[in-house]
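For reference, the structure is listed below as structure tokens.
There are 2 protein chains.
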Amino acid sequence: MPSARLLTYAQRAENHHNPAAKALLETIGRKKSNLCVSVDVTKQADFLRIIDVVGPYICLVKTHVDVIEDFEFSMIDRLKELSAKHDFLIFEDRKFADIGNTVALQYSSGVYKISSWSHITNAHPIPGPGIITGLSSIGTPLGRGLILLAEMSSKGTLASGAYTSQAVQMARAHRDFVIGFIAMRRMDGVGAEGLDSTDLANEDFLILTPGVGLDAKGDSMGQQYRTPREVVLESGCDVIIVGRGIYGKGNDADIQAQAERYRKEGWAAYEERISVQAS
Amino acid sequence: MPSARLLTYAQRAENHHNPAAKALLETIGRKKSNLCVSVDVTKQADFLRIIDVVGPYICLVKTHVDVIEDFEFSMIDRLKELSAKHDFLIFEDRKFADIGNTVALQYSSGVYKISSWSHITNAHPIPGPGIITGLSSIGTPLGRGLILLAEMSSKGTLASGAYTSQAVQMARAHRDFVIGFIAMRRMDGVGAEGLDSTDLANEDFLILTPGVGLDAKGDSMGQQYRTPREVVLESGCDVIIVGRGIYGKGNDADIQAQAERYRKEGWAAYEERISVQAS
Numbered sequence: 013m014p015s016a017r018l019l020t021y022a023q024r025a026e027n028h029h030n031p032a033a034k035a036l037l038e039t040i041g042r043k044k045s046n047l048c049v050s051v052d053v054t055k056q057a058d059f060l061r062i063i064d065v066v067g068p069y070i071c072l073v074k075t076h077v078d079v080i081e082d083f084e085f086s087m088i089d090r091l092k093e094l095s096a097k098h099d100f101l102i103f104e105d106r107k108f109a110d111i112g113n114t115v116a117l118q119y120s121s122g123v124y125k126i127s128s129w130s131h132i133t134n135a136h137p138i139p140g141p142g143i144i145t146g147l148s149s150i151g152t153p154l155g156r157g158l159i160l161l162a163e164m165s166s167k168g169t170l171a172s173g174a175y176t177s178q179a180v181q182m183a184r185a186h187r188d189f190v191i192g193f194i195a196m197r198r199m200d201g202v203g204a205e206g207l208d209s210t211d212l213a214n215e216d217f218l219i220l221t222p223g224v225g226l227d228a229k230g231d232s233m234g235q236q237y238r239t240p241r242e243v244v245l246e247s248g249c250d251v252i253i254v255g256r257g258i259y260g261k262g263n264d265a266d267i268q269a270q271a272e273r274y275r276k277e278g279w280a281a282y283e284e285r286i287s288v289q290a291s
Numbered sequence: 013m014p015s016a017r018l019l020t021y022a023q024r025a026e027n028h029h030n031p032a033a034k035a036l037l038e039t040i041g042r043k044k045s046n047l048c049v050s051v052d053v054t055k056q057a058d059f060l061r062i063i064d065v066v067g068p069y070i071c072l073v074k075t076h077v078d079v080i081e082d083f084e085f086s087m088i089d090r091l092k093e094l095s096a097k098h099d100f101l102i103f104e105d106r107k108f109a110d111i112g113n114t115v116a117l118q119y120s121s122g123v124y125k126i127s128s129w130s131h132i133t134n135a136h137p138i139p140g141p142g143i144i145t146g147l148s149s150i151g152t153p154l155g156r157g158l159i160l161l162a163e164m165s166s167k168g169t170l171a172s173g174a175y176t177s178q179a180v181q182m183a184r185a186h187r188d189f190v191i192g193f194i195a196m197r198r199m200d201g202v203g204a205e206g207l208d209s210t211d212l213a214n215e216d217f218l219i220l221t222p223g224v225g226l227d228a229k230g231d232s233m234g235q236q237y238r239t240p241r242e243v244v245l246e247s248g249c250d251v252i253i254v255g256r257g258i259y260g261k262g263n264d265a266d267i268q269a270q271a272e273r274y275r276k277e278g279w280a281a282y283e284e285r286i287s288v289q290a291s
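If you're matching them up, the sequences are chains A and B in order.
Count along the first sequence from 1, add 12, and you get the number used in my numbering.
Count along the second sequence from 1, add 12, and you get the number used in my numbering.
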């Protein structure tokens, strides 16, 4: 099998065994959108309004439910309704980073009960494989998928080099539940020295990439931006994550226009990638 | 000035400029307790009851408020009352691990408003220095202190070697707000190649150490345990963090007995450390 980079999203959906990864790949193909919008606002009403506006243009919404001041669990019901109405998946960007026993509680319990509604969540590999075991004990029976942070988009990040390789190795050992990475590029072959090449060719990790922007180069707290073309075509990533670049400006019509703009750019970069590889 | 390891907690309190670090060191000296109890239960009533029982024996309580199912903000008022009643500080073990803009919101806002009640919190250095800038923008005006995770106690952790050195270097560049580390040993001299030795001798990072237990060697999800003596005397750490080893067994009298047992062990190890160094 050729590298996942050379396949269409639909082809990859057929081959994937994890229910969340399969659903995401199918959604991307069906909606012609590899756009994930990251909605970091602090009021329920803004949160739901923005998601309703961008819904038609996205495959995935990325949330930080713990920044919402007037959170009530009924907001999750509204979010699930929007997910059904507009056909997108939900990704709570929790960045779990604790030992197995603790993350299992944080994932399943508490006010947010993330595992009950978020198709995909993510974790830092720092604590070691126990974090995957802990999250998988909750998420696998529910058909959820986990994204590991192999790299970050922020300035001076320590997620590079040997750290990144170890993250990928940890993911490879848990391919049923770990469906991909937060990374700036494809991870094909990373940390794979000495492994069987046939086995490697069959692996399909989704690459979700933050720090995507068309109009800004960075913020004052170390975030750095690249364009959809750089991310999808040049670096071979699968999903572009855009935040303030979409919802940060103007009224609903502006937000809608920005969402469509990013969807179009991200999809064009993917189509070019596929055509380049085919020629 | 000699290494912090050679000084009493009271001497270190006098020299420290960060209000949270100063208060913690004073509390340790006043209560003759370097014990932090980590309370990971999922019901408000259990949470408050355990803290009321262990309160007299601890300098610090470590919380994961996001695992409490029936959380209401009034629980925080009760926690603050217990903190005043029993004279201990509060450490929300949030393990922030996102970019600066996001962690600033997660720290100050949302349901939990952590910065409004937690004297100390912690963060992974992975995202780069922006995470400190983001948290400091909220915490410094409130007199809070930040602990960086330089190491972890779990099996297969990636927080070692160059990662740990970079964490310490990041802390050194923000000594007003970063007051110490989660680590398994002192960080004196780590990542300090080429730095001025007088300046280094004046630094005083608190070392808070998880994975402490007297009766167990580990759990099924990769947590590993060492004794208070190993941690405080041999490795020079300042605060021992104990969880299920204290509250995991029996009734209130048992919990109280375990808390006093760990307090005594931790304090004896500290007194031996000081006397060994003085002789």
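Where a beta carbon is used, it is the ideal one built from N, C-alpha and C, also for glycine.
Here the structure is a predicted model, which means the values were calculated and not measured.
Residue environment, residue i, which counts as buried when at least 16 other CB atoms sit within 10 Å
| i | result |
| --- | --- |
| B:G122 | buried |
| A:H210 | The sequence given here has Thr at residue 210 of chain A, not His. Exposed. |
| B:P14 | exposed |
| A:S287 | exposed |
| B:S165 | buried |
| B:L212 | exposed |
| A:S86 | exposed |
| B:G262 | exposed |
| B:P153 | exposed |
| A:E93 | exposed |
| A:G173 | exposed |
| A:L207 | exposed |
| A:G201 | exposed |
C-beta contact flag for residue i and residue j at 7 Å
| i | j | result |
| --- | --- | --- |
| B:Q181 | B:G157 | no |
| B:V66 | B:A271 | yes |
| B:A16 | B:I191 | no |
| B:N46 | B:Y282 | yes |
| B:K74 | A:D110 | no |
| B:A116 | B:G140 | no |
| B:L170 | B:H136 | no |
| B:M199 | B:F217 | yes |
| B:L101 | B:L60 | no |
| B:W279 | B:K44 | yes |
| B:E104 | B:I126 | yes |
| B:L245 | B:E277 | no |
| B:P62 | B:G112 | In the sequence as presented, Pro is not what sits at residue 62 of chain B; that position holds Ile. No, these two residues do not count as a Cβ contact at 7 Å. |
| A:Y124 | A:V77 | yes |
Minimum C-alpha distance to residue i - residue among the options
| i | options | result |
| --- | --- | --- |
| A:H98 | A:F85, A:Y69, A:I126, A:L117 | A:Y69 |
| A:V79 | A:K92, A:D58, A:L72 | A:D58 |
| B:H186 | B:L245, B:S149, B:S172 | B:S149 |
| A:I253 | A:Q236, A:G112, A:H29 | A:Q236 |
| A:I40 | A:N30, A:T20, A:P31 | A:T20 |
| A:N214 | A:F189, A:R184, A:V243, A:I194 | A:R184 |
| A:Y129 | A:I143, A:S95, A:I159, A:G142 | According to the sequence provided, residue 129 of chain A is Trp. The question's Tyr does not apply to it. Ranking the options by Cα distance to A:W129, first place goes to A:S95. |
| A:P31 | A:D250, A:T114, A:G151, A:P240 | A:G151 |
| A:F83 | B:L36, B:Q118, B:G206, B:Q178 | B:Q118 |
| B:E295 | B:F189, B:P153, B:I219 | Missing from the structure shown is residue 295 of chain B; chain B here goes from 13 to 291 and no further. |
| B:V251 | B:D264, B:I267, B:I194 | B:I194 |
| A:E81 | B:K167, B:S120, B:D188, B:E81 | B:S120 |
| A:A265 | A:E242, A:D64, A:T176, A:V243 | A:D64 |
| A:A179 | A:D188, A:K167, A:I159, A:R238 | A:I159 |
| A:D188 | A:G155, A:R90, A:G168, A:S247 | A:G155 |
| B:A35 | B:H131, B:R241, B:S247 | B:H131 |
| A:Y175 | A:L37, A:T114, A:I138, A:E38 | A:I138 |
Task: Completely contained alpha helix (DSSP H) runs for the stretch 83 to 160 of chain A, where each covers 4 or more residues - done: 86 to 98, 112 to 120, 142 to 151
Task: Validate contact between the stretch 24 to 40 of chain A and the stretch 49 to 57 of chain A using beta carbons, cut 8 Å, 3 pairs - done: no
Task: Every unbroken beta strand (DSSP E) inside the stretch 22 to 86 of chain B [3 residues or more] - done: As far as the stretch 22 to 86 of chain B is concerned, its whole beta strand (DSSP E) runs of at least 3 residues are 47 to 51, 72 to 75.
Open item on the list: Suppose only complete runs of 3+ residues qualify. What are the beta strand (DSSP E) ranges in the stretch 230 to 279 of chain B, listed by chain order?
Closed with: 251 to 254
- [ ] Could you tell me whether the stretch 212 to 232 of chain A touches the stretch 252 to 259 of chain A, where touching means 3 or more Cβ pairs closer than 8 Å?
- [x] Yes, the stretch 212 to 232 of chain A is in contact with the stretch 252 to 259 of chain A.
TODO: Jot down the residue ranges of each uninterrupted beta strand (DSSP E) in the stretch 169 to 220 of chain B, minimum 3 residues, whole runs only, in chain order.
DONE: With a minimum length of 3 residues, the continuous beta strand (DSSP E) runs that stay inside the stretch 169 to 220 of chain B are 190 to 194.
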